[in-house]
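See below for the structure under consideration.
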Amino acid sequence: MENRHLPFVAAFILYFCLLEPFCASAGKDDFVYSGFAGAGEANLNLDGAATVTPEGFLQLTDNTANIQGHAFYPTPFQFKKQLNGTVQSFSVAFMFGIISPYNDASTDGMAFVVAPNKGFPGAASAQFLGLLNSSSDNSTSNRMFAVEIDTAQNVELNDADGYHIGIDINSLRSEKSHHVGFYDDEHGGVLKNLTLMSSNCKRFQVWVDYNGESTQINVTLAPIKVQVKPKRPLISVTFNLSTVLTDQAYIGFSAATGPLAASRYYVLGWSFAMNAPAPPIEIARLPRLPCPRDNSLQKILKITLPIVAAALIFVVVMLLVRRQMRYAELREDWEVEFGPHRFSYKDLFNATEGFKSKHILGVGGFGKVYKGVLQTSKMEVAVKKVSHNSNQGMKEFISEVVSIGHLRHRNLVQLLGYCRRKGELLLVYDYMPNGSLDKYLYGEENKPVLYWAQRMRIIKDVASGLFYLHEKWEKVVIHRDIKASNVLLDSEMNARLGDFGLARLYDHGTNPQTTHLVGTMGFIAPELAQTGKASPLTDVFAFGTFLLEVTCGRWPISNSAHHGRKMLVDWVLQHWHRGSLPQTVDPKLHGIYNVDEAFLVLKLGLMCSHPIANERPFMRQVMQYLDGDAPLPEFTPATLSSSLLAMMQNEGLDPYVAQYPWSANSVGTMTPDILSGR
Ligand SMILES: Nc1ncnc2c1ncn2[C@@H]1O[C@H](COP(=O)(O)OP(=O)(O)O)[C@@H](O)[C@H]1O
Ligand SMILES: *[C@@H]1O[C@H](CO)[C@@H](O)[C@H](O)[C@H]1NC(C)=O
Ligand SMILES: *[C@@H]1O[C@H](CO)[C@@H](O)[C@H](O)[C@H]1NC(C)=O
Ligand SMILES: *[C@@H]1O[C@H](CO)[C@@H](O)[C@H](O)[C@H]1NC(C)=O
Ligand SMILES: *[C@@H]1O[C@H](CO)[C@@H](O)[C@H](O)[C@H]1NC(C)=O
Ligand SMILES: *[C@@H]1O[C@H](CO)[C@@H](O)[C@H](O)[C@H]1NC(C)=O
Ligand SMILES: *[C@@H]1O[C@H](CO)[C@@H](O)[C@H](O)[C@H]1NC(C)=O
Numbered sequence: 001m002e003n004r005h006l007p008f009v010a011a012f013i014l015y016f017c018l019l020e021p022f023c024a025s026a027g028k029d030d031f032v033y034s035g036f037a038g039a040g041e042a043n044l045n046l047d048g049a050a051t052v053t054p055e056g057f058l059q060l061t062d063n064t065a066n067i068q069g070h071a072f073y074p075t076p077f078q079f080k081k082q083l084n085g086t087v088q089s090f091s092v093a094f095m096f097g098i099i100s101p102y103n104d105a106s107t108d109g110m111a112f113v114v115a116p117n118k119g120f121p122g123a124a125s126a127q128f129l130g131l132l133n134s135s136s137d138n139s140t141s142n143r144m145f146a147v148e149i150d151t152a153q154n155v156e157l158n159d160a161d162g163y164h165i166g167i168d169i170n171s172l173r174s175e176k177s178h179h180v181g182f183y184d185d186e187h188g189g190v191l192k193n194l195t196l197m198s199s200n201c202k203r204f205q206v207w208v209d210y211n212g213e214s215t216q217i218n219v220t221l222a223p224i225k226v227q228v229k230p231k232r233p234l235i236s237v238t239f240n241l242s243t244v245l246t247d248q249a250y251i252g253f254s255a256a257t258g259p260l261a262a263s264r265y266y267v268l269g270w271s272f273a274m275n276a277p278a279p280p281i282e283i284a285r286l287p288r289l290p291c292p293r294d295n296s297l298q299k300i301l302k303i304t305l306p307i308v309a310a311a312l313i314f315v316v317v318m319l320l321v322r323r324q325m326r327y328a329e330l331r332e333d334w335e336v337e338f339g340p341h342r343f344s345y346k347d348l349f350n351a352t353e354g355f356k357s358k359h360i361l362g363v364g365g366f367g368k369v370y371k372g373v374l375q376t377s378k379m380e381v382a383v384k385k386v387s388h389n390s391n392q393g394m395k396e397f398i399s400e401v402v403s404i405g406h407l408r409h410r411n412l413v414q415l416l417g418y419c420r421r422k423g424e425l426l427l428v429y430d431y432m433p434n435g436s437l438d439k440y441l442y443g444e445e446n447k448p449v450l451y452w453a454q455r456m457r458i459i460k461d462v463a464s465g466l467f468y469l470h471e472k473w474e475k476v477v478i479h480r481d482i483k484a485s486n487v488l489l490d491s492e493m494n495a496r497l498g499d500f501g502l503a504r505l506y507d508h509g510t511n512p513q514t515t516h517l518v519g520t521m522g523f524i525a526p527e528l529a530q531t532g533k534a535s536p537l538t539d540v541f542a543f544g545t546f547l548l549e550v551t552c553g554r555w556p557i558s559n560s561a562h563h564g565r566k567m568l569v570d571w572v573l574q575h576w577h578r579g580s581l582p583q584t585v586d587p588k589l590h591g592i593y594n595v596d597e598a599f600l601v602l603k604l605g606l607m608c609s610h611p612i613a614n615e616r617p618f619m620r621q622v623m624q625y626l627d628g629d630a631p632l633p634e635f636t637p638a639t640l641s642s643s644l645l646a647m648m649q650n651e652g653l654d655p656y657v658a659q660y661p662w663s664a665n666s667v668g669t670m671t672p673d674i675l676s677g678r
């Protein structure tokens with residue numbers, strides 16, 4: 001009887017086997033992949049970025065941003081024995097690994113999934129892991145159970161942190177999740193945190209167990225070297241999957257990348273069983289992750305890197321300290337307002353190639369002057385290094401320097417700014433390519449002799465610059481050191497006054513008792529020598545000497561063997577007195593000059609250098625005389641001497657008493673000549 005039925009049973013089974021799904025689930029309730037080598041389309045259904053690599057990885061994503069990949073076991077499983085019955089117990093195990101371009105970031109994650117279909121059309125990548133999208137999330141019609149391994153924190157999905165594993169039902173908002181870790185049975189079952197992304201390409205194992213009777217879901221995680229499943233699962237929830245899963249369902253994996261730090265998600269081995277523990281995967285047969293870095297090299301680096309780094313830090317610190325000392329500056333709070341005028345020492349150091357002596361333009365009374373090229377603007381500058389030890393009065397001086405920096409005139413050398421160091425002040429000026437006037441007057445450095453017309457223009461330029469300082473700007477600026485070496489020639493041979501205001505540096509911070517006169521011998525007005533008080537008229541005095549210097553081509557004071565020290569003013573005055581004024585004009589002109597102009601300048605020079613301040617013209621008048629807009633007042637050597645005599649009597653001065661070098665040499669030698677009536 002039973003034998004008679006056998007063909008029918010066989011036919012019945014055959015019939016069901018032709019209906020593929022039933023055959024698969026009915027005929028085979030478990031599988032194991034110890035690596036996927038050889039498992040192509042026939043054994044797995046892949047879509048998106050998912051591929052099986054020749055080494056045997058199931059690679060779900062490559063490191064392209066915003067992609068997804070899926071892999072499914074080709075046939076569904078009969079999760080419920082009867083139609084609309086309860087879901088049976090099942091068990092899954094798989095190994096996975098993640099390779100991220102970064103050590104501490106990876107997007108977005110992967111999941112094991114049980115779903116009614118083999119694909120998820122319309123699913124989103126990134127935080128939706130290629131499973132759902134924002135509108136389908138949490139819909140009961142999804143009928144989906146998943147275990148997510150999430151490597152990015154998505155606050156909108158209530159993710160607790162960036163590296164968690166979670167149990168998902170119809171939604172990516174996990175029923176329960178936990179930071180990746182495992183209860184380590186080898187160490188008394190303590191919870192150990194795991195790092196999913198690491199430079200040595202770790203592999204991990206996950207077990208998912210469902211008990212159909214108790215409806216308990218356990219998820220356990222462990223590093224691959226922990227060969228035995230830990231006793232205590234990482235997460236456990238009770239959820240009746242009978243209300244979720246369809247009678248038949250497919251199992252597989254999904255992974256998705258986000259916009260940044262796109263990672264490759266790998267499944268290395270996989271096993272499944274219905275109503276039984278998942279069959280063990282042969283770990284020895286699993287492929288190693290294509291780790292971008294070599295382990296042995298890494299070990300060497302681990303040891304040597306800190307040493308190299310420490311050495312490097314030491315060198316850098318030493319360099320910084322040296323640099324700090326080399327470029328050290330003084331900078332105080334009050335300087336903030338002068339910020340734009342403040343140069344860094346480093347910039348000036350670089351501009352002058354470390355103040356190389358080949359860049360020295362000249363050495364003046366205050367210090368050396370260097371030529372420099374500012375590196376950022378390629379601008380040519382002259383840097384004057386003034387040694388100065390007193391900090392007292394520095395604020396006032398700097399504010400004066402800066403205010404002078406606001407002066408702009410075609411006959412003034414533009415002051416660009418300053419820098420301060422200990423014991424040193426640096427002033428930055430426009431560079432004047434043609435150097436200072438004295439070099440031309442005295443034929444130094446092979447400079448050509450200047451024609452009369454050129455000299456006349458220079459005289460007018462300097463007069464106009466000084467006039468501007470005295471009368472045109474908002475406050476009166478006294479130059480204090482007018483002389484040929486402070487007259488600089490720009491690229492068009494325009495004369496420009498340099499060094500203005502700098503004399504004040506010596507006024508500040510020095511003891512009034514020992515006040516040393518500012519200015520240059522021969523250019524110092526008598527009242528300045530007596531009182532030490534500078535005024536526009538003391539500048540006019542010096543300007544007078546300058547006029548004589550330019551016209552005569554002679555130093556203001558000469559040392560001759562048989563006459564001793566002689567003042568240029570006296571010498572010109574004597575010649576005028578004797579009617580031999582033309583003999584004073586610079587012989588280097590070879591008599592080629594405008595006689596009227598030259599005499600005008602000589603007489604104006606004497607007038608400006610008048611020992612009595614009130615007899616001197618103001619710069620406004622000087623300009624008019626030079627331009628021919630007003631005639632020079634009539635005066636002769638005799639008027640000069642009578643006013644001088646009057647002054648000395650007024651002051652009760654004995655003409656022969658020499659109080660100062662100037663009076664000893666100028667008044668002292670001039671007056672006897674004049675008084676003798678010669
Ligand atoms: N802005 C400048 N451009 C070019 N050369 C300059 C500049 N300033 C000064 N020098 C040169 O440096 C020399 C010394 O300058 P300075 O210290 O002003 O002289 P002094 O103290 O005798 O007035 C000048 O004679 C001139 O040759
Ligand atoms: C199974 O459930 C579905 C809806 O949940 C229902 O339409 C169907 O009739 C049920 N089938 C059986 C055999 O109970
Ligand atoms: C969301 O997914 C469902 C199916 O899963 C699809 O029908 C729907 O178009 C998707 N929505 C969007 C906005 O992509
Ligand atoms: C998901 O859906 C369930 C019922 O379908 C509801 O109780 C729950 O609040 C939803 N969760 C969210 C976050 O929308
Ligand atoms: C594991 O990591 C999480 C998140 O970084 C942290 O809150 C927790 O304290 C860690 N636990 C252990 C045992 O280190
Ligand atoms: C889940 O883990 C607990 C604790 O180890 C265990 O008692 C229970 O049987 C497990 N359930 C399943 C479905 O594996
Ligand atoms: C699970 O749900 C099914 C169908 O809704 C029900 O028949 C079964 O009793 C439930 N199991 C438990 C343990 O509640």
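Under the UniProt record's numbering, think of the first position of the sequence shown as 1, with each following residue one higher. The C-beta atom is built at its ideal place from N, Cα and C for all residues, glycine as well.
When the Cα atoms are used, what is the spatial distance from residue i to residue j?
i	j	result
D209	I313	53 Å
L361	N446	15 Å
K368	Y431	14 Å
Y625	S535	21 Å
residue 703	G364	With the chain covering 1 to 678 only, the question about residue 703 has no answer from this structure.
D629	L348	45 Å
E213	F120	30 Å
Y451	S387	38 Å
L157	S177	11 Å
P223	C291	16 Å
I281	L268	10 Å
V113	L289	23 Å
D161	A152	7 Å
N45	Y265	17 Å
F253	P306	41 Å
A598	N614	24 Å
With 16 as the cutoff for other CB atoms within 10 Å, does residue i come out buried or exposed?
i	result
P617	buried
residue 679	In this structure the chain extends from 1 to 678, so residue 679 is not present and cannot be described.
N84	exposed
residue 705	The structure shown does not extend to residue 705, since the chain is modelled only from 1 to 678, so the question has no answer here.
G579	exposed
H406	exposed
N193	exposed
Y73	buried
M318	exposed
P259	exposed
A310	exposed
If I'm right that residue i touches residue j with Cβ under 8 Å, what's the distance once you round it to whole angstroms?
i	j	result
V206	V155	About 25 Å separates the two Cβ atoms, so there is no contact after all.
L286	M95	6 Å
D461	A484	Wrong, their Cβ atoms sit about 13 Å apart, outside the cutoff.
In chain order, what residues have a CB nearer than 7 Å to some heavy atom of ligand 4? N138, T140, S171 and R173
Three-pair Cβ contact test at 8 Å for the stretch 163–180 versus the stretch 43–52: no
Check whether the stretch 237–254 touches the stretch 213–225, taking contact to mean three or more Cβ pairs, one atom from each stretch, closer than 8 Å. yes
Residues with a Cβ closer than 6 Å to any heavy atom of ligand 7, in chain order? Taking each Cβ in turn, the ones that pass are T86, T215, N240, S242 and T243.
Touching by the beta-carbon criterion (3+ pairs, under 8 Å), the stretch 95–102 and the stretch 133–145: Contact check between the stretch 95–102 and the stretch 133–145: fewer than three CB pairs, one atom from each, fall below 8 Å, which does not count as touching.
May I ask you to verify whether the stretch 470–478 touches the stretch 580–593, counting CB pairs closer than 8 Å and requiring at least 3? no
Say whether the stretch 411–430 touches the stretch 377–387, bearing in mind that this needs 3 or more beta-carbon pairs closer than 8 Å, one atom from each stretch. Enough Cβ pairs lie closer than 8 Å, so yes.
Quick one: any contact between the stretch 141–155 and the stretch 238–257, if contact means 3 or more CB pairs under 8 Å? Touching, yes, given that three or more Cβ pairs across the two stretches are closer than 8 Å.
Would you say the stretch 267–276 touches the stretch 72–92, given that touching needs at least three Cβ pairs under 8 Å? yes
Any chance the stretch 417–435 sits against the stretch 601–620, with 3 or more Cβ pairs inside 8 Å? no
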